[in-house]
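All remarks here apply to the structure that follows.
In our numbering, the protein residues as written are 23 to 149.
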């Protein structure tokens, strides 16, 4: 089985730009005109983006658009890469909800994406 996250987003291009610029994703597939669904890929990791307007038309009874309370993890195996991403986000004044820190068995920081999804960037350690 494979799990792929699908974010319902307000602005598909603004959201895709966030993941492309900071996390090195690339657009793998887009659908519809105007584009209302896309799949981003970074190595074996995929994220799908779909507009709220498309989703509420496609799924009867889809709830009203709201901020997420879910926490999504992007796991890395390179601390220098995490520090690079963190510095780039800070330089662009992106909203950091958890500063870069060393915690039990991990390094991590948290940032809100363009739709206020909570993205936790992390790397496991031995101690």
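Ideal Cβ positions, reconstructed from N, Cα and C, are used throughout, including at glycine.
Here the C-alpha atom of residue 66 lies approximately 12 angstroms from the C-alpha atom of residue 50. Residue 60 counts as buried, since at least 16 other C-beta atoms from the protein chains shown sit within 10 angstroms of its C-beta. Here residue 134 is not near residue 106, since their CB atoms are 8 angstroms or more apart. With distances taken between CA atoms, residue 44 lies nearest to 115 out of 123, 126, 115 and 75.
The straight-line gap separating the alpha-carbon atoms of residue 89 and residue 70 is approximately 17 angstroms. Taking every protein chain shown into account, the CB of residue 100 has fewer than 16 other CB atoms within 10 angstroms, so this residue is exposed. With a 10 Å radius around the Cβ and a threshold of 16 neighbouring Cβ atoms, residue 38 comes out buried. With a beta-carbon spacing of about 26 angstroms, residue 74 and residue 46 fall beyond the 8 angstroms limit used to define contacts.
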